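Colleague: Quick note, the sequences are listed as chains A and B, same order.
In my numbering, each residue carries its 1-based index in the first sequence increased by 5.
In my numbering, each residue carries its 1-based index in the second sequence increased by 630.
Think of the CB as a built atom: it goes at the ideal place given N, C-alpha and C, for glycine as much as any other residue.
All figures in this text were calculated on a predicted structure; none of them were measured in a lab.
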Amino acid sequence: MLQQAFNGLVGGAFYALLALGLAVIFGMLNVVNFAHGACYMLGAFGAFVLLDSFGVNFWVALGLVPVVLGLAGVVVERLFIRRLTPLDPLYNFLFTFGLALILQDLVKRQYGVQSQPYPRPSQLTGSINLGLFEYPAYQVFVLVTSLVLCGGVWLVLTRTRVGMIVRAATERPELTRALGIDVARWVTPVFGFGIALAGFAGVLAAPMRAVNPLMGADLIITVFAVVVIGGLGSVFGSVTAGFLIGLVSALGNYYAPALSQTLVFILMAVVLLWRPAGLFGRPEEVL
Amino acid sequence: MIISRLAGRPVLLAAGLVAAFVLPWSIYPPVAMDIACWALFAAAVDLLLGFTGLLSFGHAAFWGSAAYVSGLIALHTGLPFPVAVLGGALFAATLAAPIGYLSVRLRGIYFAMVTLAFAQMVYFIANQWRDLTGGENGLQGIPRELFGIDLSDPFFFYYAGLPFVLAGFLLAWRIVRSPFGRVLVSIRDNPARARALGYPVDRYKLLAFVLSAFLSGIAGGLFAISHGFASLQEVYWTTSGQAVIMVVLGGIGTLWGSAIGAALIVLLNDYLATAGFEEIGIVTGAIFIIVVLLFRVGIWGTARNLIAAHTRRREAATSPDPGAQPQQEDINTPAPQR
């Protein structure tokens, strides 16, 4: 039972990292990035290719892949997404959807649909005694890293001047601009950062999840549900909902396996009925 | 100007009907049937996107569930296929009521995400309920007959199924042209004003959503029966996405454009599949991106703009009266408002 809860938190760590990236991108650019799942998948494949073809180990990949993906994200934002942001946000949703299709099928063409193996880093192969039960060291590492990262982003957002600008621009872009702050300057870095987070989550996932071209697509739709539950304008809500949903679906998997995959969506329906703006969202933003 | 417009309509309509009737002569009949089904599906999505301003990214739930239900009815009861198709469509409409109720209250992009999530839920249910849906094997061997007449020849089945598609298009066209449809357009353009005028906006949106799901259901049921097969692919998110691609390619808010978009995408998929190229997403995704970036009015919209520009130039040459300026109304359908 406790172990199930732990599994849930580890699963929730991925939801939280992806939801966090989605939330900051949405807040800053008003873009729902459908390709976020594809970026996560590219992160895992990036780690795989680096190890398989160049013998680059996990730790280097964990640093390198997110940076490369983040830079690619910056290029895409500059070239395409920027042109569509003045229009209805649906156009960027459609654009990133097309991009996701292309990325997914390009990887599929190269590597096929079967899962690629990726070993755990040698330092984290064993298990750790957590007092009540033994737990794989790698999973503990994933959970701790994700918590630290989300906490770090939270600190940056709440304690620094950059964070203050980003939060202000997220919540009231016009007003922030009116106060003489150059919002546009921060748009591209925030987008790159969101993509880098997805790539980071992908590299983290490589040793413990199946590395295949479809790994991101199914996950991202669940993350959409997570973000709707948490409240899409809210960074805090997205991360909290991520861990919460991970926990709930793991426990659901334990007590009612038949429901495990649909539970998230049932939860979403309940939240929509009760609080249409999500648990931490602002109603005027959504309705 | 007005006269040429009125004269143009029946000509276009007749051309469309002729094209629909000769289609199985010019291309492989099963592909013709696919085009007809996808055209109706895309038109149903366009009813929401183009005329109500709602981007549903979860219509696979309705197309796919109708495919399963129609298949199950035909498989287990032996009823003639029109009953199976209608049963599937009614099921889709029933499913759309709760999903729509929860979704239509949300604005633009949130609506898209929530419908997508609900469709994924339907996908997981279909995947898990193996006894009923056959899981990954799908529902196989769906029969195709009408009062003892064997319709297994796809050429004949095309003509048996075509009336449903045409009736669906007629219904969609009637909806768009009706006072109800005008209210939908006003909701698309300015929901706050529609609400201020006393229209129950959410109820209108919900009804549009259910009607659209019903049409998608007819298309999905026919599709399953024409293939004799219903699979998980039918409820997967790529199916929803494909319909949206067709609508955007044909032109949002044009209804007939959806048919053109559907025909092009189905033919392209068929061509790539026969050429042995399986990663179709690379091509459709690229086309889609180009359309979204450069031709947001789609094929039909572009054609309409060109014709309008041409007539405007002629008008300007013959009569300098400023009152003769053509109306802007539906020439360039605005993007769905949030």
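Between B:Val-927, B:Gly-871, B:Ala-916 and B:Gly-858, which has its C-alpha nearest B:Leu-705's C-alpha?
Modeller: Translated into positions along the second sequence, residue 705 of chain B becomes position 75. Checked all of B:Val-927, B:Gly-871, B:Ala-916 and B:Gly-858; the closest Cα to B:Leu-705 is B:Gly-858.
Colleague: Are the Cβ atoms of B:Leu-725 and B:Ser-700 separated by less than 7 Å?
Modeller: In the second sequence, counting from the first residue as 1, residue 725 of chain B sits at position 95. In the second sequence, counting from the first residue as 1, residue 700 of chain B sits at position 70. Cβ distance not < 7 Å, so B:Leu-725 and B:Ser-700 don't count as in contact.
Colleague: Are the Cβ atoms of A:Gly-42 and A:Ile-225 separated by less than 7 Å?
Modeller: In the first sequence, the residue the question calls residue 42 of chain A occupies position 37. In the first sequence, the residue the question calls residue 225 of chain A occupies position 220. It is a contact, given that the beta carbons lie within the stated cut-off.
Colleague: Let's see if you can read the secondary structure: which residues bound the beta strand (DSSP E) around B:Ile-729?
Modeller: The count along the second sequence starts at 1 and reaches residue 729 of chain B at position 99. No beta strand (DSSP E) contains B:Ile-729, which is instead part of the alpha helix (DSSP H) from 711 to 733.
Colleague: Between which two residues does the alpha helix (DSSP H) carrying A:Tyr-143 extend?
Modeller: Residue numbering aside, residue 143 of chain A sits at position 138 when the first sequence is read from its first letter. Taken as a continuous stretch (DSSP letters only), the alpha helix (DSSP H) holding A:Tyr-143 covers 142 to 164.
Colleague: Against chain B, which members of the region 225 to 258 of chain A pass a CB distance test of less than 9 Å?
Modeller: Within the region 225 to 258 of chain A, contact with chain B at the beta-carbon level (separation under 9 Å) is assigned to Ile-226, Thr-227, Phe-229, Ala-230, Val-232, Val-233 and Leu-237.
Colleague: Measuring only between beta-carbons, confirm whether B:Glu-909 sits less than 7 Å from chain A.
Modeller: For the purposes of this step, residue 909 of chain B is taken as residue 279 along the second sequence, with counting starting at 1. Cβ-Cβ to chain A under 7 Å: yes for B:Glu-909.
Colleague: With C-beta atoms as the reference, is A:Gly-251 less than 7 Å away from A:Ala-24?
Modeller: One-based indexing of the first sequence puts residue 251 of chain A at position 246. One-based indexing of the first sequence puts residue 24 of chain A at position 19. The answer is no: Cβ separation not under 7 Å.
Colleague: So that I know if they touch, is there some Cβ in chain A lying closer than 7 Å to that of B:Leu-746?
Modeller: Stepping through the second sequence from its first residue, residue 746 of chain B is reached at position 116. At a cut-off of 7 Å between beta-carbon atoms, B:Leu-746 makes contact with chain A.
Colleague: Applying the 10 Å Cβ sphere with the 16-neighbour rule, what's the burial state of B:Arg-934?
Modeller: Looking up residue 934 of chain B in the second sequence gives position 304. So B:Arg-934 ends up on the buried side.
Colleague: On the CB-based measure, 16 or more other CB atoms within 10 Å of its CB, does B:Ala-723 come out buried or exposed?
Modeller: Here residue 723 of chain B corresponds to residue number 93 of the second sequence, with the count starting at 1. Buried, since its Cβ has 16 or more Cβ neighbours within 10 Å.
Colleague: Taking A:Val-90 as the query, report the chain B residues whose CB atoms sit under 9 Å from its CB, ordered along the chain.
Modeller: Along the first sequence, one-based indexing puts residue 90 of chain A at 85. This sequence places Thr at residue 90 of chain A; Val is not what is there. By Cβ distance, chain B contributes nothing, its closest Cβ being about 12 Å from A:Thr-90, past 9 Å.
Colleague: Cβ atoms of B:Val-921 and B:Leu-879: under 7 Å apart, would you say?
Modeller: Locating residue 879 of chain B in the second sequence gives position 249, where the first residue counts as 1. Locating residue 921 of chain B in the second sequence gives position 291, where the first residue counts as 1. For B:Leu-879 and B:Val-921, yes; Cβs fall inside 7 Å.
Colleague: So which residues on chain B does A:Met-302 lean against when the C-beta distance must stay under 9 Å?
Modeller: Nothing can be reported for residue 302 of chain A: it is not among the residues displayed for chain A, which extend from 6 to 292.
Colleague: State the Cα-Cα distance for the pair B:Leu-827 and B:Gly-791, rounded to the nearest angstrom.
Modeller: To locate residue 827 of chain B, count along the second sequence from 1; it is residue 197. To locate residue 791 of chain B, count along the second sequence from 1; it is residue 161. Going from the Cα of B:Leu-827 to the Cα of B:Gly-791 covers about 42 Å.
Colleague: When you check each C-beta in the region 262 to 286 of chain A against every C-beta of chain B, which residues fall closer than 7 Å?
Modeller: Ala-263, Gln-266, Thr-267, Phe-270, Met-273, Ala-274, Leu-277, Leu-278 and Pro-281
Colleague: Given this structure, state the Cα-to-Cα distance separating B:Ala-691 from A:Gly-32, to the nearest angstrom.
Modeller: Counting from one through the second sequence, the residue named residue 691 of chain B turns up at place 61. Counting from one through the first sequence, the residue named residue 32 of chain A turns up at place 27. Distance between the alpha carbons of B:Ala-691 and A:Gly-32 is about 29 Å.
Colleague: In the region 750 to 774 of chain B, which residues sit with their C-beta less than 8 Å from some C-beta in chain A, listed in chain order?
Modeller: Residues passing the 8 Å Cβ filter: Gln-750, Met-751, Phe-754, Ile-755, Asn-757 and Gln-758.
Colleague: Answer yes or no: does any C-beta atom of chain A fall closer than 7 Å to that of B:Phe-681?
Modeller: If you number the second sequence from 1, residue 681 of chain B lands on position 51. Cβ-Cβ to chain A under 7 Å: no for B:Phe-681.
Colleague: Note down, in chain order, each residue of its chain lying with its Cβ closer than 6 Å to the Cβ of B:Ser-816, except the 5 sequence neighbours on either side.
Modeller: For this step, residue 816 of chain B is matched to residue 186 along the second sequence. Same-chain partners within the cutoff: Ala-824.
Colleague: Check the Cβ-Cβ distances between B:Val-896 and every residue of chain A, and say whether any is below 7 Å.
Modeller: By 1-based counting over the second sequence, the position of residue 896 of chain B is 266. B:Val-896 does not count as touching chain A.
Colleague: Let me make sure I understand the geometry here. Which of B:Gly-718, B:Arg-760 and B:Ile-657 has the alpha-carbon closest to that of B:Val-901?
Modeller: Indexing the second sequence from 1 puts residue 901 of chain B at position 271. Inspection of the sequence shows that residue 901 of chain B is occupied by Tyr rather than by Val. Comparing Cα-Cα distances from B:Tyr-901 to each of B:Gly-718, B:Arg-760 and B:Ile-657, the minimum goes to B:Ile-657.
Colleague: State the start and end residues of the unbroken alpha helix (DSSP H) segment that holds A:Val-132.
Modeller: To locate residue 132 of chain A, count along the first sequence from 1; it is residue 127. It should be pointed out that residue 132 of chain A corresponds to Ser in this sequence rather than to Val. Taken as a continuous stretch (DSSP letters only), A:Ser-132 belongs to no alpha helix (DSSP H), being part of the beta strand (DSSP E) at 132 to 134.
Colleague: Short of 6 Å in beta carbon distance, which residues of its chain neighbour A:Asp-161, apart from the five on each side in sequence? Order them along the chain.
Modeller: Within the first sequence, residue 161 of chain A is the residue found at index 156, counting from 1. According to the sequence provided, residue 161 of chain A is Val. The question's Asp does not apply to it. So the list reads Gly-168, once near-sequence residues are dropped.
Colleague: Determine, using beta-carbon pairs with one atom in the region 80 to 93 of chain A and one in the region 109 to 121 of chain A, whether at least three such pairs fall under 8 Å.
Modeller: no
Colleague: Taking 7 Å as the cut-off, decide whether the C-beta atoms of A:Thr-181 and A:Ala-189 are in contact.
Modeller: Numbered from 1 along the first sequence, position 176 holds the residue referred to as residue 181 of chain A. Numbered from 1 along the first sequence, position 184 holds the residue referred to as residue 189 of chain A. In this structure, A:Thr-181 keeps its C-beta atom at 7 Å or more from the C-beta atom of A:Ala-189.
Colleague: May I ask which residues mark the beginning and end of the alpha helix (DSSP H) holding A:Ala-210?
Modeller: Looking up residue 210 of chain A in the first sequence gives position 205. Per DSSP, A:Ala-210 belongs to the alpha helix (DSSP H) from 189 to 210.
Colleague: Who are the near neighbours of B:Phe-721 in its chain, counting only those whose CB is closer than 8 Å to its CB and skipping five residues on each side?
Modeller: What you label residue 721 of chain B is simply residue 91 of the second sequence in a count that begins at 1. So the qualifying residues of the chain are Ser-695, Ala-696, Val-699 and Gly-847.
Colleague: Using only the alpha-carbon positions, how far apart do A:Pro-141 and A:Phe-11 sit?
Modeller: Here residue 141 of chain A is taken as the residue at index 136 of the first sequence, counted from 1. Here residue 11 of chain A is taken as the residue at index 6 of the first sequence, counted from 1. Rounded to the nearest angstrom, the two C-alpha atoms are 11 Å apart.
Colleague: Looking at the structure shown, is A:Gln-119 part of a helix, part of a strand, or coil, going by DSSP?
Modeller: Taking the first sequence and counting its residues from 1, the one referred to as residue 119 of chain A is at position 114. In the structure shown, A:Gln-119 adopts coil according to DSSP, grouped into three states.
Colleague: Please state whether DSSP places B:Glu-945 in a helix, a strand or coil.
Modeller: Reading the second sequence from its first residue, position 315 is the one you call residue 945 of chain B. When DSSP states are grouped into helix, strand and coil, B:Glu-945 belongs to the helix group.
Colleague: Is the Cβ-Cβ distance between A:Gly-204 and A:Gly-16 less than 7 Å?
Modeller: Sequence index remark: in the first sequence, residue 204 of chain A carries index 199 (1-based). Sequence index remark: in the first sequence, residue 16 of chain A carries index 11 (1-based). No, Cβ-Cβ distance for A:Gly-204 and A:Gly-16 is not below 7 Å.
Colleague: Is the CB of B:Phe-794 under 7 Å away from at least one CB in chain A?
Modeller: What you label residue 794 of chain B is simply residue 164 of the second sequence in a count that begins at 1. Output row for B:Phe-794: interface = no.
Colleague: Taking only beta-carbon atoms, is B:Leu-643 less than 7 Å away from chain A?
Modeller: Residue numbering aside, residue 643 of chain B sits at position 13 when the second sequence is read from its first letter. Not closer than 7 Å to any Cβ of chain A, the Cβ of B:Leu-643 fails to qualify, so no.
Colleague: May I ask which residues mark the beginning and end of the alpha helix (DSSP H) holding A:Leu-268?
Modeller: Your numbering for residue 268 of chain A matches position 263 in the first sequence. Its alpha helix (DSSP H) spans residues 268 to 279.
Colleague: Determine the chain A residues that contact B:Ile-919 at a beta-carbon separation under 7 Å, and present them in chain order.
Modeller: Along the second sequence, read from residue 1 onward, the residue named residue 919 of chain B stands at position 289. Here the neighbours are Phe-100, Gly-103 and Leu-104.
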